[in-house]
Amino acid sequence: MLFSVLNPHRERLWHFHGGIHLPDEKALSNAGASVAAPLPTQLVVALQQHIGAPSAPCVSVGDRVKKGQVLANPRGYVSAPVHAPSSGTVVALEPRQVPHPSGLAAPCVVIATDGADAWGELPAPLPDFEQHDPAELRERIRQSGIVGMGGASFPSSVKLNPGPDQPIHTLVINGAECEPYITCDDLLMRERAADIVDGIRVMLHILGTQRCLVGIEDNKPEALAAMRRAAQRANAQDAVAGRIKVREIPTLYPSGGEKQLIKILTGKEVPSHGIPAQIGIVCQNVGTACAVADAVLRGRPLIERYVTVTGRAVGKPQNYRVRIGTPAADLVAASGGYTVEPEKLVIGGPMMGFRIDSDAVPITKAANCILALTKAESPDPGAPQPCIRCGRCAEVCPANLLPQQLYWHARAKDLDKVQDYNLFDCIECGCCAVVCPSHIPLVQYYRYAKTESWAREREKRAAEHARERHAAKEARLERQERERKARMRKKQEAVAPKGGRDDAKQAAIEAARERAAAKKRVAQAGAAPGAAAQDTPQQAVPERPAAQRRVATANAGAPKVSATDGKPPAATPQHTPEPPVERERPGTAAGHG
Amino acid sequence: MQARAGFVSSPHAARVNSVDWVMRQVCLALVPGTLALVWFFGWGVLINMALAVVFAVVAEALVLKLRGRPALPAIADYSAVVTALLFALTIPPTLPWWLTLLGILFAIVIVKQLYGGIGYNPFNPAMAGYVFLLISYPVATTTWLPPDVPALLAAQDLTTLSLLDSARLIFTGALPAEHTWDAVSAATPLDEMRAKLDQGMAIDEIRASSPLWGLFGGRGWEWVAFWFLLGGLYMLWRKVITWQIPAAFLAGLVVAAGAFWLLDPQSYPTPMFHLLSGAAILGAFFIATDPVSACTTKRGQLVYGFLIGVLVFVIRTWGGYPDAVAFSVLLLNIAAPMIDHYTQPRVFGQKHGA
Chain B
1 MLFSVLNPHR
11 ERLWHFHGGI
21 HLPDEKALSN
31 AGASVAAPLP
41 TQLVVALQQH
51 IGAPSAPCVS
61 VGDRVKKGQV
71 LANPRGYVSA
81 PVHAPSSGTV
91 VALEPRQVPH
101 PSGLAAPCVV
111 IATDGADAWG
121 ELPAPLPDFE
131 QHDPAELRER
141 IRQSGIVGMG
151 GASFPSSVKL
161 NPGPDQPIHT
171 LVINGAECEP
181 YITCDDLLMR
191 ERAADIVDGI
201 RVMLHILGTQ
211 RCLVGIEDNK
221 PEALAAMRRA
231 AQRANAQDAV
241 AGRIKVREIP
251 TLYPSGGEKQ
261 LIKILTGKEV
271 PSHGIPAQIG
281 IVCQNVGTAC
291 AVADAVLRGR
301 PLIERYVTVT
311 GRAVGKPQNY
321 RVRIGTPAAD
331 LVAASGGYTV
341 EPEKLVIGGP
351 MMGFRIDSDA
361 VPITKAANCI
371 LALTKAESPD
381 PGAPQPCIRC
391 GRCAEVCPAN
401 LLPQQLYWHA
411 RAKDLDKVQD
421 YNLFDCIECG
431 CCAVVCPSHI
441 PLVQYYRYAK
451 TESWAREREK
461 RAAEHARERH
471 AAKEARLERQ
481 ERERKARMRK
491 KQEAVAPKGG
501 RDDAKQAAIE
511 AARERAAAKK
521 RVAQAGAAPG
531 AAAQDTPQQA
541 VPERPAAQRR
551 VATANAGAPK
561 VSATDGKPPA
571 ATPQHTPEPP
581 VERERPGTAA
591 GHG
Chain D
594 MQARAGFVSS
604 PHAARVNSVD
614 WVMRQVCLAL
624 VPGTLALVWF
634 FGWGVLINMA
644 LAVVFAVVAE
654 ALVLKLRGRP
664 ALPAIADYSA
674 VVTALLFALT
684 IPPTLPWWLT
694 LLGILFAIVI
704 VKQLYGGIGY
714 NPFNPAMAGY
724 VFLLISYPVA
734 TTTWLPPDVP
744 ALLAAQDLTT
754 LSLLDSARLI
764 FTGALPAEHT
774 WDAVSAATPL
784 DEMRAKLDQG
794 MAIDEIRASS
804 PLWGLFGGRG
814 WEWVAFWFLL
824 GGLYMLWRKV
834 ITWQIPAAFL
844 AGLVVAAGAF
854 WLLDPQSYPT
864 PMFHLLSGAA
874 ILGAFFIATD
884 PVSACTTKRG
894 QLVYGFLIGV
904 LVFVIRTWGG
914 YPDAVAFSVL
924 LLNIAAPMID
934 HYTQPRVFGQ
944 KHGA
């Protein structure tokens, strides 16, 4: 406290619970500058490279496309367009293998490049972005197809639109890059620090915020220096001094987790099940900031990203500037190919990345690293042994969960219990699994339990919905019955003369006679061939499904029904003054049945 | 390139820990204390350890075979060895071999394997085996040798046993012809203290009455405790155990013993006496920290350790047995799941007290 008074410029940092120190392996790939990956002959651009609705293709096979031209438009608010990463011809619109944990194929636009790499028409650069409305800039970001480049690939324009009820006081920029092996953000920060800072300024303007904290782990001194220089330069020119602060944070996995980084830099915890905007913070990756600068200041859509190709199974690990849609195999080939058969091929890092079966998958907006691990780097942990309840998992859990209890309950398929232990606060960082002495694949158990819980939730919602519909139908029928009775009572009162009881009795007898006669007529009419089904309830009955028949007959069976309106029941099909409720029932009942 | 098919969930990084590494570290940490025990109490300690390990491994393999489980991975995790070593360190160095066998069979077969093997036993197997013997054969399990301290032996006209004598005693139950039990056995400091306090003697009198007493506890015994403490610190350093349970255990013992000692220093021995006598140090670092049967939440471990420490004092002072580590640990083993339930940590992003 006293120290912070004496030294107000001290960079106060906070801690999160747990975390682990891992060999960072960054030196494998961050020695040299990034290299522009060769333009492939074919680009395979996946239609869904973001969280949300897949985008709708707006080109067809045979179309010539220019670099930067829209290939598919967003469908819905949480969605993003995709653009042609180079010029050429659309040769296919079909499902192709994409980097996804499922290993399934997904719709892609395949472009045969023409080598000209010619830009199409681009929106105007907005170097005076501060004169533009935030909504306009958000729309630019959306139309440029920018999604979170840290791996989650959530559409950035949505994240930059927290709404008026969530005022944002801090923009957190994630340059932590805590996963071992990956160095693409490191290289991006070294080489494009000024652009990142420009992107930050755009986002600060959009959010109406005057404070930005950039968190970078202390194992990236070059990136830190570059970012500090760029921030200083921008701060010197800014009207509001010192808006952008670059913070050196200790290297500890997973400090690059969104919630963890926010805790480290601000001391605030994102609420469980919540988002950062709830505590006035928006967090974006450095890659996203750079893409925002490209989109707003240059009018360029997101068609390229930094990708690390690393692991000891490739000849020359390094970083590439890669067009989206470039096959991973091309990058591996550019890196000298495989020196040994990789034990595992992973998209992303060794802690949270997912394994792919083949390198014949295209780079997507979220693909930050191709990791070819040797057997020594990713040894088979062997068969899991029984949990000895040592609690190492709980010590390292950055969400402060009890991974061991989660494991027991997930294994027992006790989905209620596993949620009592806050399963959905698990960020799947993998710390617990790495330190587990029994080599239990803990994260796999949690993913299983989450998937099962979601499935159960869906089923429950469907059942709930059906129950509600049924209850609503019952209530409606009851109400109609009540209304009919009320109407009838009113009519009876109206029919009854104001005089003595005898008159009333007389009238009732008269009415009954009339009803009987009407019934007779109806019966005769119904017996006649060709009579319309909708004639009367009784006649309609045989035509209706059993469930409705039950209701209809119940109503029809009630005395005085046919005299409801006090009008003589009609004998002809053209004239059916049945209560509207009766008429509408078949339709509505069928609709809900 | 086509890699092998099949889904493998992240993480893909190498695992940094293994059960057999943990167990081997525990064995290593037991070395200094064991050497001290052998130094003061003779070869019987080593013979017991060897017997217990052999019995434990064979028993574990046989039960696993009966259960239709592969025996090798379970034996290779060294957990049976650790159980056997801890059991052997708590029994007297004169215990007949068949009692060691009985204790080990109870520990491994009934307490560990019948509950499902490693990870599933609610009770600490070594302590359950020891308590089984203590209740069934109280005389044999409480007959201790005097520590090999020349002044002490001379003063009480006691003698020590050679390797051959020890082996003969353990395997045949026969003492060397020239010796009687009185000449080779001696009360432990805890026994002595209890007996004399029961006779109404004051602590000062008791300490003056016999050459058994050292600086804080019994001669020899306090050094054994010190060397076990060193092993415990080694385990802390290697992160084999965490500080919560040992610290809370010792704190519980010191607080309880200290409170009564302050009230009446002539009727209640000092906290240091309690710490350095019996199995307190061994229990705090090696026994109560058995992960399988202990609490798993950090706050729970503090409660668990503290209550064991308090119970040790309570049973030592007012219970029927001179030492109490085994009973206290077993009692808290029962309570561990409940303590865990009420001491769950605050999850990231949840409000305090939520």
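These protein sequence lines map, in sequence, to chains B and D.
Residue numbering for the first sequence follows our numbering, starting at 1 and increasing by one per position.
Residue numbering for the second sequence follows our numbering, starting at 594 and increasing by one per position.
Ideal Cβ placement from N, Cα and C applies to all residues, glycine included.
- Linking V309/B to I303/B through their CA atoms gives a straight-line distance of about 18 Å.
- Assigned with DSSP and collapsed to three states, T734/D falls in helix.
- In the three-state scheme derived from DSSP, where H, G and I count as helix and E and B as strand, K159/B is classed as helix.
- A distance below 6 Å between beta-carbons, with the five flanking residues on each side excluded, links R300/B to the following residues of its chain, in chain order: D294.
- Residues of chain D with a Cβ closer than 7 Å to the Cβ of S55/B do not exist, since the nearest Cβ in that chain sits about 27 Å away.
- Non-local C-beta neighbours of A645/D in its own chain, meaning closer than 6 Å and more than five positions away in sequence, comprise A677, F680, A681, T693, I697, ordered along the chain.
- Taking 7 Å as the cut-off between beta carbons, the residues of the segment 247-277 of chain B near chain D are K259, E269, V270, P271, S272, G274, in sequence order.
- Contact check for L371/B against P350/B passes: the beta carbons are separated by less than 8 Å.
- In the structure shown, T627/D falls within a helical segment according to DSSP collapsed to helix, strand and coil.
- The Cβ atoms of L423/B and I249/B do not sit closer than 8 Å to each other.
- The residue from A654/D, R660/D, L790/D with its alpha-carbon nearest to that of D670/D is A654/D.
- No Cβ of chain D is located within less than 8 Å of the beta carbon of R312/B.
- For I347/B, the enclosing beta strand (DSSP E) begins and ends at 344-347.
- For I711/D, a Cβ of chain B is located within less than 8 Å of the residue's own Cβ.
- I141/B is not a Cβ neighbour of Q284/B, given a cutoff of 8 Å.
- Counting along the chain, the unbroken beta strand (DSSP E) around I370/B starts and ends at 369-373.
- DSSP, reduced to helix, strand and coil, places N319/B within a strand of the structure shown.
- Counting the other CB atoms within 10 Å of its CB gives Y77/B a total below 16, which places it among the exposed residues.
- A distance below 8 Å separates the beta carbons of G876/D and V918/D.
- Here E248/B is bridged, per DSSP, to I216/B.
- Counting only residues of its own chain and dropping the five nearest sequence neighbours on each side, L808/D has a CB closer than 8 Å to the CB of E815.
- Taking a contact to require three or more Cβ pairs closer than 8 Å, the segment 403-413 of chain B and the segment 352-370 of chain B do not qualify as touching.
- Using beta-carbon distances, L331/B does not count as an interface residue toward chain D, since no partner is under 8 Å.
- Beyond the five residues adjoining it in sequence on each side, V59/B comes within less than 7 Å, by CB distance, of V65, L71, V90, V109 in the same chain, given in chain order.
- Within the DSSP secondary-structure output, E94/B pairs in a beta bridge with C108/B.
- Contact between the segment 454-468 of chain B and the segment 626-633 of chain D is not established, with fewer than three Cβ pairs separated by less than 8 Å.
- With a threshold of 8 Å between beta carbons, D670/D makes contact with chain B.
- For the segment 341-364 of chain B, the set of positions with a beta-carbon nearer than 7 Å to some beta-carbon of chain D reads P342, K344, L345, V346, P350, M351, M352, G353, F354, R355, D357, S358, D359 in chain order.
- Residues of the segment 790-824 of chain D with a C-beta less than 9 Å from any C-beta of chain B: none at all.
- Annotation: N235/B has no Cβ neighbours in chain D at a cutoff of 9 Å; minimum Cβ distance is about 32 Å.
- For V435/B, the closest Cβ of chain D is nearer than 8 Å.
- Listed in chain order, the beta strand (DSSP E) runs fully inside the segment 361-423 of chain B are 369-373, counting runs of at least 3 residues.
- Identification of chain D residues near G391/B by a Cβ-Cβ cut-off of 9 Å yields T835, P884, A887, C888, T889, T890, K891, Q894, ordered along the chain.
- Boundaries of the beta strand (DSSP E) harbouring A72/B: 70-73, taken from the DSSP string.
- Looking only at L207/B, K365/B, E179/B, R479/B, the smallest Cα-Cα distance to V307/B is reached by K365/B.
- With the criterion set as a beta carbon lying under 8 Å from some beta carbon of chain B, the members of the segment 600-626 of chain D are F600, V601, S602, S603, P604, H605, A606, A607, R608, V609, N610, S611, V612, W614, V615, in sequence order.
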